[in-house]
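First up is the structure itself, then whatever we jot down about it.
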Amino acid sequence: MGTIRLTTAQALVRFLNQQYIWADGRELPFVVGVFDIFGHGNVLGIGQALVEDPGHLRVVHGKNEQGMAHAAIAYAKQRLRRQIWAVTTSIGPGSANLVTAAATALANNLPVLLLPSDTFASRQPDPVLQQVEHQHGISITTNDALRAVSRYWDRITRPEQIMSSLIRAFELLTNPAHTGPVTICISQDVQGEAYDFDVRFFERRVHYLDRRLPTDRELQSATALVRASKRPLLVIGGGAKYSEAADEIVRLAEVCHIPICETQAGKSTVPASFGYNLGGIGITGTQAANEAAREADLVIGVGTRYTDFTTSSKTAFDFECARFVNINVNRMQAYKLDGAQMVADAKLALRELGKRLHGYRSQWGGRIEELRRRWLAERERLSRVTFRREGFQPEIADQFTQAELNEYADALGTELAQTTALLALNEAVPANAIVIGAAGSLPGDMQRLWHTDAPSGYHMEYGYSCMGYEIAAALGVKLAEPDREVYALVGDGSFLMLHSELVTALQYGVKINVVLFDNSGYGCISNLQMEHGIESFGCEFRDHSGRVMNIDYAKIAEGYGAKGYRVRTLDQLRQAVEDAKEQSISTLIEIKVLPKTMTKGYQSWWNLGVPQVAKDPRVQQAAERHYEQLRTARPY
Numbered sequence: 001m002g003t004i005r006l007t008t009a010q011a012l013v014r015f016l017n018q019q020y021i022w023a024d025g026r027e028l029p030f031v032v033g034v035f036d037i038f039g040h041g042n043v044l045g046i047g048q049a050l051v052e053d054p055g056h057l058r059v060v061h062g063k064n065e066q067g068m069a070h071a072a073i074a075y076a077k078q079r080l081r082r083q084i085w086a087v088t089t090s091i092g093p094g095s096a097n098l099v100t101a102a103a104t105a106l107a108n109n110l111p112v113l114l115l116p117s118d119t120f121a122s123r124q125p126d127p128v129l130q131q132v133e134h135q136h137g138i139s140i141t142t143n144d145a146l147r148a149v150s151r152y153w154d155r156i157t158r159p160e161q162i163m164s165s166l167i168r169a170f171e172l173l174t175n176p177a178h179t180g181p182v183t184i185c186i187s188q189d190v191q192g193e194a195y196d197f198d199v200r201f202f203e204r205r206v207h208y209l210d211r212r213l214p215t216d217r218e219l220q221s222a223t224a225l226v227r228a229s230k231r232p233l234l235v236i237g238g239g240a241k242y243s244e245a246a247d248e249i250v251r252l253a254e255v256c257h258i259p260i261c262e263t264q265a266g267k268s269t270v271p272a273s274f275g276y277n278l279g280g281i282g283i284t285g286t287q288a289a290n291e292a293a294r295e296a297d298l299v300i301g302v303g304t305r306y307t308d309f310t311t312s313s314k315t316a317f318d319f320e321c322a323r324f325v326n327i328n329v330n331r332m333q334a335y336k337l338d339g340a341q342m343v344a345d346a347k348l349a350l351r352e353l354g355k356r357l358h359g360y361r362s363q364w365g366g367r368i369e370e371l372r373r374r375w376l377a378e379r380e381r382l383s384r385v386t387f388r389r390e391g392f393q394p395e396i397a398d399q400f401t402q403a404e405l406n407e408y409a410d411a412l413g414t415e416l417a418q419t420t421a422l423l424a425l426n427e428a429v430p431a432n433a434i435v436i437g438a439a440g441s442l443p444g445d446m447q448r449l450w451h452t453d454a455p456s457g458y459h460m461e462y463g464y465s466c467m468g469y470e471i472a473a474a475l476g477v478k479l480a481e482p483d484r485e486v487y488a489l490v491g492d493g494s495f496l497m498l499h500s501e502l503v504t505a506l507q508y509g510v511k512i513n514v515v516l517f518d519n520s521g522y523g524c525i526s527n528l529q530m531e532h533g534i535e536s537f538g539c540e541f542r543d544h545s546g547r548v549m550n551i552d553y554a555k556i557a558e559g560y561g562a563k564g565y566r567v568r569t570l571d572q573l574r575q576a577v578e579d580a581k582e583q584s585i586s587t588l589i590e591i592k593v594l595p596k597t598m599t600k601g602y603q604s605w606w607n608l609g610v611p612q613v614a615k616d617p618r619v620q621q622a623a624e625r626h627y628e629q630l631r632t633a634r635p636y
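Using the UniProt record's numbering, read the sequence shown as starting at 1 and increasing by one per residue.
Structural data, given as structure tokens:
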């Protein structure tokens, strides 16, 4: 057996270079690069190894640990989980900053390799700089905070441990049923320690992404349920997108006359223009999809986790009559809502199911076309919302007064409604563009209103709805799809949470477009308060004198070196988008929009922790309505 003497960090980098993934006959390097922020915990270990011999790995220096990890997560999502980036940080604050990103990856089942440094294995200098101390256990470090948000977690205190740890890690990273964030904490001193590694450990490894076929029993059960149904409905989740099942979905819908609706993760699997596509379902869904959900007697969930936003807190469907067939590579997810399980790859499952449904056609008749036509008319109405100084009725939170709306119009210098601006943007961007969202009111508007026929043209992180994901994600998405225009749609609240990777994009010449909708506050949470009878509190951006703040976000971008645009009218918006297309550097389009002009809910309900005791009768009445609705919700 031959050996090679390397440091632990050098062995890690050499191993990462030798990992490949095979999918549908195509073989690719699985690890594309490493995002880093160097500190004293990793600059002399992993840093030295990357300087000496990075191999094919691209090295990008991030500006915030959470931000660069979000960029890595977005890359994996856009690449359909078939390629990843690793992320290395120093100990202490650098490691702690990964927790939010790790949770985002875990909630969305997205692979990312996190490599936070750890305190000294030898404990000789303890407590080392940035080390936390516990009286009840010296082995506890900052990195233990990552245990709860990692699919796999390990701490390396000896060089040889890296071998078994990495093999286990890559089994999980390349496993579509269980993939997620992997955290391998490497002690600061161990990174530089040498060991005689077995040369076979560094041989080329191919991880096979084989598609799992459904069993005959699963197909028989699903076929019987579909044939017995009159109004089946396909719910398309993120698993359908990762499986690239679009053709099979379209074929089954057309042949069997079955409407489809989309979760946030599943949107843009199937073109928006497809005649059977009724759009988003659930709390942020369309009127068409939510009406169809209530009328369906069979729900075929394809790669969905059935989150509360998809099921409207388990009120979206007629649970007294509807049955469920769940197609998912993950057995736990297939058991949701007590459905008939098909633990299989979505593409193959739908293909095989379609073969057995020869001659079957639903009884939806012209209802699909009717629902779609009515919703498109509503979408058109929302594109023409025009603010008036008197008698203007906002879409939501009707207790917001005309005087308050006028105050915002004057303070922000705009009369633009959010829905109007969003739909104008939809018309202006290139047809193959990728839009990104995550938090605030924009995800609701985007799921309902944004239309794209471009595969994976809609990139929404809504498993964790993490404020601050959007701009970092744009960097990751652009690295994954360099030939497409990428737009991060972000509210002012999310922008203020985290936008540091805009600087990284500028540093490396990776052009991204940030479209910032500024309504001077946390608009969607203010809506939530007011819709439940509570006065808007703690959500509006007002200065110490009570005035609405008007921040020049474009100037911030310009200070970094990006091209900034200030939009107050639709003409300015269209001109900004056209000019931004011609730029080679990153851009920021600041759009001032009025609060309360986003979309409302359409036949949907969200279970929240509402107050059962309150002095304000409006709050009491809202709580009574809430608990009345709760009595109709399915408990499991």
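Glycine included, every Cβ here is placed at the ideal spot set by N, Cα and C.
These numbers come from a predicted model, not from an experiment.
Check your understanding: Ends of the alpha helix (DSSP H) at residue 375?
Key -> 367-382
Review point. When the distance is taken between beta carbons, is residue 121 closer than 7 Å to residue 179?
Key: no
Point to revise | Meets three-Cβ-pair contact criterion under 8 Å: the segment 51-62 and the segment 19-37 | key: yes
Practice item. Alpha carbon to alpha carbon, how far is residue 450 from residue 422? Give it in angstroms, no decimals. Key: 8 Å
Check your understanding: In whole angstroms, what separates the C-alpha of residue 73 from that of residue 473?
Key -> 7 Å
Practice item. Please determine, among 355, 393 and 274, the residue with the shortest C-alpha to C-alpha distance to residue 376. Key: 274
Practice item. On the DSSP bridge assignment, give the partners of residue 56 in chain order. Key: Bridge partners of residue 56: none, in fact.
**Study point:** C-beta contact flag for residue 517 and residue 591 at 7 Å
**Key:** yes
Exercise for review: May I have the straight-line CA-CA distance separating residue 619 from residue 606, to the nearest angstrom?
Suggested key: 16 Å
**Study point:** Where residue 5 sits in the DSSP three-state scheme
**Key:** strand
Check your understanding: Per DSSP, residue 232 forms a beta bridge with which residues?
Key -> 298
**Study point:** Exposure label - residue 70; buried when at least 16 CB within 10 Å
**Key:** buried
Check your understanding: Starting from residue 489 and walking both ways along the beta strand (DSSP E), at which residues does that stretch end?
Key -> 486-491
Check your understanding: Of all the options 533, 407, 437 and 285, which has the alpha carbon lying nearest to the alpha carbon of residue 372?
Key -> 285
Review point. When burial is assigned at 16 or more other CB atoms within 10 Å of the CB, is residue 686 buried or exposed?
Key: Shown here, the chain extends from 1 to 636; a query on residue 686 therefore has no answer.
Practice item. To the nearest angstrom, report how far apart residue 391 and residue 283 are at their CA atoms. Key: 28 Å
Check your understanding: Run through DSSP, which three-state label would residue 64 get?
Key -> coil
Practice item. For my contact list, residue 316 and residue 240 are in at a C-beta cut-off of 8 Å; report their separation, rounded to the angstrom. Key: Contact flag wrong, Cβ pair sits at about 18 Å.
Practice item. Report all residues from its chain with a CB closer than 6 Å to the CB of residue 16; omit the five preceding and five following residues, and keep chain order. Key: 31
Check your understanding: How many whole angstroms separate the CB atoms of residue 187 and residue 119, which I take to be in contact at a CB cut-off of 8 Å?
Key -> 7 Å
Review point. Of all the options 467, 147, 479 and 604, which has the alpha carbon lying nearest to the alpha carbon of residue 497?
Key: 467
Exercise for review: Identify every run of the alpha helix (DSSP H) within the segment 89-125, keeping only runs that are complete inside it and at least 4 residues long; order them along the chain.
Suggested key: 93-96 and 99-108
Exercise for review: Following the continuous beta strand (DSSP E) through residue 207, name the residue where it begins and the one where it ends.
Suggested key: 205-208
**Study point:** Nearest-angstrom Cα separation, counted from residue 567 out to residue 600
**Key:** 24 Å
Review point. Is residue 82 near residue 21, with beta carbons less than 7 Å apart?
Key: yes
Practice item. Run the CB neighbour count on residue 344, radius 10 Å, all protein chains shown included, and call it buried at 16 or more, exposed below. Key: buried
Exercise for review: Please report the residue range of the beta strand (DSSP E) in which residue 460 lies.
Suggested key: 458-460
Review point. Should the segment 304-321 be called in touch with the segment 399-413, which here means at least 3 C-beta pairs below 8 Å?
Key: no
Practice item. Spell out a yes or no on whether the segment 212-220 and the segment 51-60 are touching, meaning 3 or more CB-CB pairs, one atom from each, closer than 8 Å. Key: no
Point to revise | residue 608 burial status per 10 Å Cβ neighbour count (16 or more: buried) | key: exposed
Point to revise | Residue range of the alpha helix (DSSP H) that includes residue 161 | key: 161-173
Review point. Near residue 400, what residues of its chain come up, given a Cβ to Cβ distance below 8 Å and the 5 sequence neighbours on each side ignored?
Key: 394, 530, 536, 595 and 596
Review point. Could you give the residue range of the beta strand (DSSP E) that holds residue 516?
Key: 513-518
**Study point:** Cβ neighbour criterion (16 or more within 10 Å) applied to residue 208
**Key:** exposed
Exercise for review: Could you check which residue in 603, 1 and 612 has the C-alpha nearest to that of residue 311?
Suggested key: 603
Exercise for review: Can you give me the Cβ contacts of residue 478 inside the same chain, cut-off strictly under 6 Å, excluding the 5 residues immediately before and after it?
Suggested key: 486, 510 and 512
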